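So the protein lines, in turn, are chains S and F.
Using my numbering, the letters of the first sequence correspond one by one to residues 1 to 273.
Using my numbering, the letters of the second sequence correspond one by one to residues 274 to 546.
What follows is one structure encoded as structure tokens, with my remarks underneath.
There are 2 protein chains.
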Amino acid sequence: MSDKPPAPSAGLRRDMEILEVLAGHGDDRDTDGFGVSWIAQRLGREKSQVSRALRALELEGMVERDAVTRRYRLGWRLFALAARSQQARLVQVAAPYLRRLATAFDEDAYLCVLRGNRVLTLLSVPSSRAYHRVWEGITVPVIMAAAGRSLLSEWDGERVRELLRATLPSGLDSAVGSEDDWLAELAHARTAGYAVSDVELDDGAAGVSAPVRDHRGIITAAISVSVTRAAPPERLHEMGAVVAETARELSTALGLPPSGHPVAACPEPPGAD
Amino acid sequence: MSDKPPAPSAGLRRDMEILEVLAGHGDDRDTDGFGVSWIAQRLGREKSQVSRALRALELEGMVERDAVTRRYRLGWRLFALAARSQQARLVQVAAPYLRRLATAFDEDAYLCVLRGNRVLTLLSVPSSRAYHRVWEGITVPVIMAAAGRSLLSEWDGERVRELLRATLPSGLDSAVGSEDDWLAELAHARTAGYAVSDVELDDGAAGVSAPVRDHRGIITAAISVSVTRAAPPERLHEMGAVVAETARELSTALGLPPSGHPVAACPEPPGAD
DNA sequence: AAAATCAGGTGCAGCTAGCGCAACAATAGC
DNA sequence: GCTATTGTTGCGCTAGCTGCACCTGATTTT
């Protein structure tokens, strides 16, 4: 009598509820999954319905069932779908944010990821100013890229040293000394939420960068903004704060829970106009 | 024509097909997403149907639509769910180990699991070298993957034969002969703790791999490192030893008791058919 | 030991929700 | 401006889902 009006795609809704239950409380104590009856009761639905739906979902690989305990958990297909498109999605979702930065500072903005011991630029948005060097698809050593510090900022110290040593051919003993400096800078970037690098290499660009996290909270990319005009340190830190905030927004849009809590509200990306 | 009987869960099937299309091929030309008509045509379905399904999926957050281009791509919800899957945990734990391998050898490193008779790559850590396509979320036949040998190394011989026959279309009679070779290689991999595969298929990558065990000692995954440059056999075996050791460390991190193998071959066979 | 309890699956009738066609709306193209 | 293309909606018809009751099989109770 009350409401049954808005019930389109009831099947999908049911499936999503089931998946959400299987996703669990986020805790990892539920590693053995959940049984049909339990899910049905929790959803207030018929067992038969849940049973059939789960079978269908299993057929599609969205859930998988433990052969012995007969319990269900999320399946490989979900993971495969996400894995295949996460990079494409990253680029797409990031674009508007980079544009915002590029126009705000009138500086080139970049989206970078770590590839081996080099930094790969996935997307670059040019400023209005003169020549814009195309970096997309280009890799540079971590130490040379502005985004490098952000990408490594949460790495284990030992790993960073290994990577640095692997990067530097060995001829540079100045580097040996600067390893500690680097680690210190990483620590600073970690606390500040952004990294500032002034000109280090002849060609190496100065810039500010901040880490982008995926839905799991792992740093998977970094955005950076070049700094082509002389600017006082405090100006750089102002920029850093903005870049860091933008990176946070982007992370949220990618599915990162706003404050380290299960998924919730809407990750509304600023629709380009 | 006459058979429409086996059509349960038609809605789910449709949704999955759509998601599969949206996931693309991992190539990066799909970065713009896809339009309704294009998807409909590709699936051989009615536009209206696809349109409505996409709207429903969007409502659930499984897909999202670019505000300006009106094209769809996978949504945050799917990523959030994927992050909660069992595989995600594996990936998270394994990532540092793979990174270490990738930087140590400057070769691509992979984490793979067995999915039916194919090998699914869960995580690929690219080296710094030339562009490499995304393998994450992609499946390849067991015989083509470097990790295949490690994943099958403790299987019953008969079952391996079955799987090989099911995999090979049948046209390849050379395969019939090589079945025994394969079994022999599996035996070798079992004793050595790692598997070395040189180039077998035109595209098939050479590589070394080693098995990863869960807390029960059962092989649940494999890590492998590609070998893109010519290397003498002894070099490959050096690498194999390193990969095997890394796999052991990873297994321990996953909860395997450090002491040798508690070994499978227990009350529970990996699937009594 | 038999019987009770619980989890999961199946058969079936009734009815809802999704399908397909085609008209319509909204853009893009010329 | 008009036409071509893409995306949305109205609606009758039926495929497929819901929900009840019953069945199987494992685990526990007394």
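All residues carry an ideal CB built from backbone N, CA and C; glycine is no exception.
Small disclaimer: the values here were computed from a predicted structure and weren't measured.
ask   = How would you call A10/S, buried or exposed, if buried means at least 16 neighbouring beta carbons within 10 angstroms?
value = exposed
### Query
For L12/S, which residues of its own chain have a beta-carbon under 7 Å away from its beta-carbon, when the five flanking residues on both sides are left out?
none
Would you call the region 381-395 of chain F and the region 493-504 of chain F touching, i.e. three or more CB-CB distances under 8 Å? yes
Using a cut-off of 7 Å between C-beta atoms, extract the partners of S9/S located in chain F.
A329
Flag Q322/F as yes if its beta-carbon sits less than 9 Å from any beta-carbon of chain S, otherwise no.
-> Judged by the 9 Å Cβ criterion, Q322/F is not in contact with chain S.
Contact with chain F by L101/S, beta-carbon distance below 9 Å: no
Review point. Taking 9 Å as the CB-CB limit, is A166/S close to chain F?
Key: True, the Cβ-Cβ gap to chain F drops below 9 Å.
Is it buried or exposed for E333/F, if we count other Cβ within 10 angstroms and need 16 for buried? buried
**Request:** Compute the distance between the beta-carbons of A95/S and V119/S, then report whether it is under 9 Å.
**Result:** No. Outside cutoff.
How should D475/F be labelled, buried or exposed, when 16 other C-beta atoms within 10 angstroms of its C-beta is the threshold for buried? For D475/F, the pLDDT reaches just 49, beneath the cut-off of 50, and the residue's location in the model is therefore unreliable, although a value from the coordinates is still provided. D475/F is exposed by the Cβ-count criterion.
- Item | Whole runs of the beta strand (DSSP E) within the region 392-436 of chain F, excluding any shorter than 3 residues | Whole beta strand (DSSP E) segments, 3+ residues: 412-414.
Check: Taking Y467/F as the reference, which of S324/F, V415/F, E452/F, V485/F has the closest Cα?
Finding: V485/F
With H, G and I counted as helix, E and B as strand and the rest as coil, what does DSSP make of P258/S? When secondary structure is reduced to three states using DSSP, P258/S falls in the coil class, being assigned neither helix nor strand.
Go ahead and label E518/F buried or exposed: buried means 16 or more other beta carbons lie within 10 angstroms of its beta carbon, across all protein chains shown.
-> When all chains shown are included, E518/F counts as exposed.
Inset, instruction - Kindly indicate which three-state DSSP category T501/F falls into: helix, strand or coil? - result: coil
**Asked** If you check the beta carbons only, do L396/F and V516/F fall under 9 Å apart?
**Response** No, the pair does not count as a contact, with Cβ atoms beyond the cut-off.
Using a Cβ-Cβ distance cut-off of 9 Å, determine whether T525/F contacts chain S. It does not; no Cβ of chain S falls within 9 Å.
| field | Cβ-Cβ distance between A189/S and S150/S below 9 Å | value | At a Cβ-Cβ threshold of 9 Å, A189/S and S150/S count as neighbours.
Have a look at L19/S and R438/F and give me their C-alpha separation to the nearest angstrom. 35 Å
| said: I'd like to know if M417/F contacts chain S, where contact means its C-beta is closer than 9 Å to some C-beta of that chain. | reply: no
What is the DSSP secondary structure of D475/F, reduced to helix, strand or coil? With a pLDDT of only 49 at D475/F, under 50, the local geometry of the prediction cannot be trusted, and the value read off the model is given with reservation. D475/F: coil per DSSP, three-state reduction.
Residues in the same chain with beta-carbon distance under 8 Å from E58/S, minus the five sequence neighbours each way, listed in chain order, please.
E64, R65, Y72, G75
### Task
Check the Cβ-Cβ distances between T412/F and every residue of chain S, and say whether any is below 9 Å.
Closer than 9 Å to some Cβ of chain S, the Cβ of T412/F qualifies, so yes.
Margin query: Less than 9 Å between CB atoms is the rule here; does L186/S satisfy it with respect to chain F?
Written below: So no, L186/S is outside the interface.
Is it buried or exposed, T139/S, if we count other Cβ atoms within 10 angstroms and call 16 or more buried?
buried
Exercise for review: Tell whether a beta-carbon distance below 9 Å holds between L152/S and L114/S.
Suggested key: yes
Discussion item. Between E409/F and chain S, is any beta-carbon pair separated by less than 9 Å?
Written reply: By the rule that beta-carbons nearer than 9 Å mark a contact, E409/F touches chain S.
Notebook entry, point to check: Cα-Cα, which of A221/S, A231/S, E249/S, P232/S is closest to A88/S?
Noted result: A221/S
Closest to V21/S by C-alpha separation, out of L295/F, E452/F, L354/F, would be which residue? Ranked by Cα distance from V21/S, the options L295/F, E452/F, L354/F are led by L354/F.
Discussion item. Please list the terminal residues of the continuous beta strand (DSSP E) segment that includes V481/F.
Written reply: 480-486
Which same chain residues end up closer than 8 Å to R84/S when comparing Cβ atoms and leaving out the 5 residues on each side of it in sequence? Here the set comprises nothing.
- Message: Strictly below 7 Å CB to CB, what residues from chain S border R391/F?
- Response: Here the premise fails: no neighbours, minimum Cβ distance about 11 Å.
Exercise for the section: Within 10 angstroms of the Cβ of Q86/S, are there 16 or more other Cβ atoms? Answer buried if so, exposed if not. Expected result: Burial call: buried.
Could you tell me whether the Cβ of F34/S comes closer than 9 Å to any Cβ of chain F? no
What does G297/F touch in chain S if you count any residue whose Cβ is under 9 Å from its own? Within chain S, the residues placing a beta-carbon under 9 Å from that of G297/F are R84, S85, A88, ordered along the chain.
*S524/F classed as buried or exposed, judged by whether at least 16 other C-beta atoms fall within 10 angstroms*: buried
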